[in-house]
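There are 2 protein chains.
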Amino acid sequence: MRRRTWQRAAVQDALTGRYDFVSAQTLHSQLRADGSSIGLATVYRALADLAEEGEADSLRADGESLYRACASPGHHHHLICRSCGRTVEIQADDIETWAASTAAAHGFRDPQHIVDVFGTCGPCALVGASETP
Amino acid sequence: MRRRTWQRAAVQDALTGRYDFVSAQTLHSQLRADGSSIGLATVYRALADLAEEGEADSLRADGESLYRACASPGHHHHLICRSCGRTVEIQADDIETWAASTAAAHGFRDPQHIVDVFGTCGPCALVGASETP
DNA sequence: ACCGGTAATGGGAACCGTTATCAGCTAGCA
DNA sequence: TGCTAGCTGATAACGGTTCCCATTACCGGT
Chain F
139 MRRRTWQRAA VQDALTGRYD FVSAQTLHSQ LRADGSSIGL ATVYRALADL
189 AEEGEADSLR ADGESLYRAC ASPGHHHHLI CRSCGRTVEI QADDIETWAA
239 STAAAHGFRD PQHIVDVFGT CGPCALVGAS ETP
Chain A
139 MRRRTWQRAA VQDALTGRYD FVSAQTLHSQ LRADGSSIGL ATVYRALADL
189 AEEGEADSLR ADGESLYRAC ASPGHHHHLI CRSCGRTVEI QADDIETWAA
239 STAAAHGFRD PQHIVDVFGT CGPCALVGAS ETP
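Going down the list, the sequences are from chains F and A. Note that the working numbering has the first sequence beginning at 139, numbered continuously upward. Note that the working numbering has the second sequence beginning at 139, numbered continuously upward.
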């Protein structure tokens, strides 16, 4: 059975309050800064559980796991700003069918696909342009 | 200038001799087992260089970087057996245009995409079926 | 309200893949 | 052949994540 603790709630709340992908360590720091006494290991466990239950999306970038609260409940992909982390959720049925048919065409079963798009969002492109001479 | 050393050649040969994605550590172990005295750091450096030069593809799985010699020189994606690692290279122009147009539609510039499909290849599906009662 | 068991917690140590360090070596060029 | 910048490799350091385990506290049953 999965117990409901204030730590789990705190992690979920902190995740829901953000619009971008965050690492476990960042979330832990934020929670501590907000006065919580939650432990780092607990944040890792809570995030892993949330991802397993489908309450959060996860992806790996630069060798660390990032998490984000799901806005849309179903399967979807992400368009992520590589500068500020702003994320747009994308539904793309074409990709689903493409992945399934491609796997089947090569005799692969039970296909899963990783599809994420990174880019520089409008505001960050302006900032970056002035920083890069 | 980039020098040609027997270590780099050994890494490239070992990579070319495989049909699957391998980690730096696995490749290092294989080279040592074959009698080479190559160092682990050198394997990491050689693989990073090969990937940078476009001589090898890399992807991250389970928190580690995996490498594979490119059969097709241009941009492509992979269909990977999650059991035995057998890999099929896939050209998918539809994905390229989809990623570009999706990014543009949301005001994102300079898009990059990560698209990999994992599945269980025919032979492994048979083996796995007998192992799972 | 009170137990009892049991999952959850948290601090630190361990773990693992990767990268930095640096003295010695060597490929490539004149 | 000699020079020298780039390469090598053993080891230390590093950063993110997981494990360990004594303690805590959730929750169903009474």
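Just so you know, even glycine gets a beta-carbon here, dropped at the ideal spot from N, CA and C.
Are the CB atoms of residue i and residue j nearer to each other than 8 Å?
i, j, result
"A/Ala237", "A/His251", "yes"
"A/Asp195", "A/Cys208", "yes"
"F/Thr240", "A/Val255", "yes"
"F/Leu185", "F/Ala199", "no"
"A/Glu227", "A/Ser203", "no"
"F/Cys222", "A/Phe246", "no"
"F/Gly257", "A/Asp248", "yes"
"A/Ala148", "A/Leu169", "yes"
"F/Asp158", "F/Thr225", "yes"
"A/Leu217", "F/His216", "no"
"A/Gln150", "A/Glu193", "yes"
For residue i, which residues in chain A fall below 9 Å Cβ to Cβ?
i, result
"F/Gln250", "Arg220, Val255, Phe256 and Gly257"
Going by other Cβ atoms of all chains shown within 10 Å of its Cβ, with 16 needed for buried, is residue i buried or exposed?
i, result
"A/Val265", "exposed"
"F/Ala152", "buried"
"A/Gly155", "exposed"
"F/Tyr205", "buried"
"F/Arg146", "buried"
"A/Glu269", "Residue placement at A/Glu269 is flagged as unreliable, the pLDDT there being 49, under the threshold of 50; the coordinate-derived value follows with that caveat. Flag for A/Glu269 reads exposed."
"F/Val181", "buried"
Can you pull the chain A neighbours of residue i, defined as C-beta to C-beta under 8 Å?
i, result
"F/Thr240", "Leu217, Ile228, Ala230 and Val255"
Against residue i, what residues of chain F qualify as contacts under a CB-to-CB distance less than 7 Å, listed in chain order?
i, result
"A/Arg247", "Gly257, Thr258 and Ala263"
Please compile the residues from chain F whose C-beta is within a distance smaller than 8 Å of the C-beta of residue i.
i, result
"A/Arg198", "Arg198 and Gly201"
For residue i, go through chain A and note every residue whose CB falls closer than 7 Å to its CB, in chain order.
i, result
"F/His244", "Leu217 and Val226"
Tell me the DSSP bridge mates of residue i?
i, result
"F/Asp158", "F/Arg224"
"A/Gly136", "Because chain A is modelled from 139 through 271, residue 136 of chain A falls outside the range shown and cannot be assessed."
"F/Ile252", "A/Asp254"
"A/Asp195", "A/Arg206"
"F/Arg247", "A/Thr258"
Using a Cβ-Cβ cut-off of 8 Å, state whether residue i counts as contacting chain F.
i, result
"A/Pro271", "Low confidence applies to A/Pro271: its pLDDT is 39, below 50, so where it sits in the model is not reliable enough to give any reading."
Any beta carbon of chain A sitting closer than 8 Å to that of residue i?
i, result
"F/Ala237", "yes"
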